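K.L.:
Chains as they are written, first to last, in this note's numbering: chain U, 1 to 164; chain W, 1001 to 1343.
All residues carry an ideal CB built from backbone N, CA and C; glycine is no exception.
All figures in this text were calculated on a predicted structure; none of them were measured in a lab.
Sharing a structure here in structure tokens format.
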Amino acid sequence: MKDHNEHEDNVLLSAYLDGQLTEAERARVEAQLSGCGPCREEVEALRYMKAVLAAAPRRAMPPELLGAIEDAVASRSWTRLIPAALRAPRVFVPAGALAALALVAGLWLGLRRDASQDFIPLEPLMTAHARYTAETLVPQGSLVSSTYSAQLTAQNDEQDQQAD
Amino acid sequence: MSRTSRRISGLLAFSLSLVSRPAFAEAPDPQKLLESALNPPDVAFRGRMMVTHWFGKQTSAEEVEVYHSPPNLNRREFLSPDGAVQRVVVSDGDVEEIRLVRRQRVVSGDAVKSYEKIMKPERELELLLKNYELSVATRTDEVAGRQAWILELKPKVAGKPWQRLWVDREHGLILENKRFLPKRHYAELSRYSRVELSKNLDPRLFELKLASASTAGAGSGLEPDFMTLEELSKATGKMVSFPTELPSGFSFESADYFSVGEQTVLHARYTDGLAVLSLFQTDKPVRLPKGGTATVAPPSTARPSIRLAAIGKVLNWKRGRQYFTLMGDVSVELLQSVSAQLK
């Protein structure tokens, strides 16, 4: 199992949700998930995104766009005859891939942001609980003070990150 | 005196010296020992303490420099491994400030135990004695060079944490505090490594930087109010249907509410005299990891976005249009059995 400070990458977690991993990979991911809260949260976010995407309405492609794509694909047969040096620089290909990736990432982030607005974060509730625990009859002293002051620090960090 | 007589008298004297040593003194009554530890120590001191949280396979620890001056002045400096101060908690008994050193931010709220709760201390003690078996070890233990009685609070219901307190024989100071679930990977421990009694602590240690207590951020939970259910309903205009009793010996103590963004969170607090359960009611769901059960990690081990403190476990569910979240440092099984009664 990985150390709890290391996390599985999204590609592997996504493949895990799609049931595309080998048995060994699946076992490794499940072992990681059992001991890693951040990875479990990541899987949950991915699962949510997939569910939203699956439920999104699908539109038929406009005939003009379909025709243009078919023309472009057909034209690839004669582009092979053009010397490589005369063709468009290769950088256009990765740029296109990056644009597509940015689109997907933007969609994902947008979905996540929308999703976060539908939920109340857990942290303020935990701070309130921890702070109240200090009020018990039996003094808990630094044990509880450590918890709620650390929790408050995390909550402030989280708010600052969101503000950034 | 014959040699044999001398041997016997010598043995007798040695035995008597053993009996008179603190480690073999007669153990006090558990309830009296507990009561001696309920109030803040009557002596000024400075000490170094280690606080450790175990949760599952994760552990976090930090050192704390503690200053106390009677009756209610307290200062705790939480240190990073290199000794740098990460945050400082200062209290004068009425106001408590939490200084987040790295963020250069001060958050202020009500001091711990600065207000009377809804539940009277006598009732809380009654609950404690009903739900826990108290005992004192016959031998004293030494913590930070001081003799301590070991008071054990053992729950009568499985799934609740045990607690052991090492109480200073002389001043009632809690030298060590351990909460744990037997056979589970959950425990919290605070233990002094050094205690120096001192008559002259610099009063500037306890100075508050902010004059008023009105600076607690929304949702910070640092100004807990103590309301009855009727008062909560009136204050929020919301229908409140929290029960007054929960299974496994938990009784309603008080309620409060706070804002998270535009949302109002209702908070009902239950106690069995020692352990605490929090029941939250919200209009929107609270974001939890998959399965509705959050095993909350210690603060220093997870990623920054979800650095959560080791306060226990969390369950949530929906009833009607309302969402409920139950939280407490008890076993998952006990939390589930309590939530089953609420659904």
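Which runs of the beta strand (DSSP E) at least 3 residues long sit entirely within the region 1064 to 1147 of chain W? Give them in chain order.
P.N.:
As far as the region 1064 to 1147 of chain W is concerned, its whole beta strand (DSSP E) runs of at least 3 residues are 1073 to 1079, 1085 to 1091, 1095 to 1100, 1105 to 1110, 1132 to 1136 and 1141 to 1143.
K.L.:
Can you have a look at residue 27 of chain U and say buried or exposed, based on whether 16 or more other CB atoms are within 10 angstroms of its CB?
P.N.:
Per the 10 Å Cβ criterion, exposed.
K.L.:
Of the choices W:1316, W:1057 and W:1322, whose alpha-carbon is the least far from that of residue 1339 of chain W?
P.N.:
Closest by alpha carbon: W:1316.
K.L.:
Roughly how many whole angstroms lie between the Cα atoms of residue 55 of chain U and residue 22 of chain U?
P.N.:
Because the pLDDT of residue 55 of chain U is 48, which lies under 50, any placement of that residue in the model is unreliable, and the question is left without a value.
K.L.:
Give the residues of chain U in contact with residue 1070 of chain W, contact being defined as C-beta atoms less than 7 Å apart.
P.N.:
The contacting residues do not exist; residue 1070 of chain W stays about 14 Å from chain U at best.
K.L.:
Under three-state DSSP, which class holds residue 1234 of chain W?
P.N.:
In this structure, residue 1234 of chain W counts as helix in the three-state DSSP scheme.
K.L.:
For residue 1319 of chain W, count neighbouring Cβ atoms within 10 angstroms of its own Cβ and tell me buried if that reaches 16, exposed if not.
P.N.:
With fewer than 16 Cβ atoms within 10 Å of its Cβ, residue 1319 of chain W is classed as exposed.
K.L.:
Taking a cut of 7 Å between CB atoms, which residues from the region 1251 to 1281 of chain W lie near chain U?
P.N.:
Going along the region 1251 to 1281 of chain W in chain order, one finds 1258, 1260, 1263, 1265, 1267, 1269, 1271, 1273, 1274, 1276, 1278 and 1280 with a Cβ nearer than 7 Å to chain U.
K.L.:
Compare the C-beta of residue 1078 of chain W against all C-beta atoms of chain U and say whether one is closer than 8 Å.
P.N.:
By this cut-off, residue 1078 of chain W is an interface position.
K.L.:
Please classify residue 144 of chain U as buried or exposed, where buried requires at least 16 neighbouring CB atoms within 10 angstroms.
P.N.:
Buried is the call here.
K.L.:
Using only CA atoms, which one of U:141, U:124, U:9 and U:138 lies nearest to residue 154 of chain U?
P.N.:
The shortest Cα separation from residue 154 of chain U among U:141, U:124, U:9 and U:138 belongs to U:124.
K.L.:
What in chain W is Cβ-close to residue 16 of chain U, meaning under 7 Å?
P.N.:
The premise fails here: residue 16 of chain U is roughly 13 Å from chain W at the closest Cβ pair, so nothing lies under 7 Å.
K.L.:
So residue 1273 of chain W and residue 1151 of chain W are supposed to be a Cβ contact under 8 Å. How far apart are they, rounded?
P.N.:
Residue 1273 of chain W to residue 1151 of chain W, Cβ: 14 Å. No contact.
K.L.:
Residue ranges of each beta strand (DSSP E) run of no fewer than 3 residues wholly in the region 1174 to 1203 of chain W, ordered along the chain?
P.N.:
You should have 1174 to 1180 and 1186 to 1197.
K.L.:
Going by the DSSP bridge assignment, what does residue 1281 of chain W pair with across the sheet?
P.N.:
Answer is W:1266 and W:1324.
K.L.:
Does the beta-carbon distance from residue 1252 of chain W to residue 1281 of chain W come in below 8 Å?
P.N.:
The answer is no: Cβ separation not under 8 Å.
K.L.:
Under three-state DSSP, which class holds residue 1228 of chain W?
P.N.:
Note: residue 1228 of chain W maps to coil in three-state DSSP.
K.L.:
Keeping to the same chain, check which residues put their C-beta closer than 6 Å to that of residue 1052 of chain W; ignore five residues upstream and five downstream.
P.N.:
So the qualifying residues of the chain are 1061 and 1189.
K.L.:
According to the Cβ coordinates, are residue 1236 of chain W and residue 1257 of chain W closer than 8 Å?
P.N.:
Result yes, Cβ atoms of residue 1236 of chain W and residue 1257 of chain W sit closer than 8 Å.
K.L.:
Is there at least one Cβ from chain W nearer than 8 Å to residue 30 of chain U's Cβ?
P.N.:
So no, residue 30 of chain U is outside the interface.
K.L.:
Between which two residues does the beta strand (DSSP E) holding residue 157 of chain U run?
P.N.:
Segment 142 to 163 is the alpha helix (DSSP H) holding residue 157 of chain U; no beta strand (DSSP E) there.
K.L.:
Beta-carbon separation of residue 1171 of chain W and residue 1042 of chain W under 8 Å?
P.N.:
Yes, they are a contact pair.
K.L.:
Spell out whether any CB of chain U is found under 8 Å from the CB atom of residue 1087 of chain W.
P.N.:
By this cut-off, residue 1087 of chain W is an interface position.
K.L.:
Are there 16 or more other CB atoms within 10 angstroms of the CB of residue 1039 of chain W, so buried, or fewer, so exposed?
P.N.:
Result: exposed.
K.L.:
Within the continuous beta strand (DSSP E) that includes residue 1046 of chain W, where are the two ends?
P.N.:
Start and end: 1045 to 1055.
K.L.:
Around the Cβ of residue 1330 of chain W, are there at least 16 other Cβ atoms within 10 angstroms (buried) or fewer (exposed)?
P.N.:
Buried, by the Cβ-count rule.
K.L.:
Which of helix, strand or coil does DSSP assign to residue 1152 of chain W?
P.N.:
The answer is strand: DSSP assigns residue 1152 of chain W an E or B state.
K.L.:
Grab the span of the beta strand (DSSP E) containing residue 1260 of chain W for me, first residue to last.
P.N.:
It spans 1250 to 1260 - the beta strand (DSSP E) in which residue 1260 of chain W sits, taken as one unbroken run.
K.L.:
Give the secondary structure of residue 1330 of chain W by DSSP, where H, G and I count as helix, E and B as strand, and everything else as coil.
P.N.:
Looking at residue 1330 of chain W - three-state DSSP - the assignment turns out to be coil, as it is neither helix nor strand.
K.L.:
Excluding the 5 residues preceding and the 5 following residue 1049 of chain W in the sequence, name in chain order all residues of the same chain whose CB lies nearer than 6 Å to its CB.
P.N.:
The residues are 1064, 1066, 1190 and 1192.
K.L.:
What in chain U is Cβ-close to residue 1049 of chain W, meaning under 8 Å?
P.N.:
Chain U residues near residue 1049 of chain W: 142.
K.L.:
Going straight from the alpha carbon of residue 1174 of chain W to that of residue 9 of chain U, what length do you get?
P.N.:
If I take the Cα positions, the gap works out to 46 Å.
K.L.:
Which residue wins for smallest C-alpha separation from residue 1341 of chain W, given the options W:1032, W:1200, W:1244 and W:1114?
P.N.:
Here the closest residue by C-alpha is W:1244.
K.L.:
Give a yes or no on whether the minimum CB-CB distance between residue 9 of chain U and chain W is below 8 Å.
P.N.:
No, no contact with chain W.
K.L.:
Identify each residue in the region 1106 to 1138 of chain W for which the Cβ-Cβ distance to at least one residue of chain U is less than 7 Å, and report them in chain order.
P.N.:
Those would be 1107, 1112, 1113, 1117, 1121, 1124, 1125 and 1128, in chain order.
K.L.:
Report the residue from W:1075, W:1161, W:1229 and W:1194 whose alpha carbon sits nearest the alpha carbon of residue 1132 of chain W.
P.N.:
Out of W:1075, W:1161, W:1229 and W:1194, W:1161 has the C-alpha closest to the C-alpha of residue 1132 of chain W.
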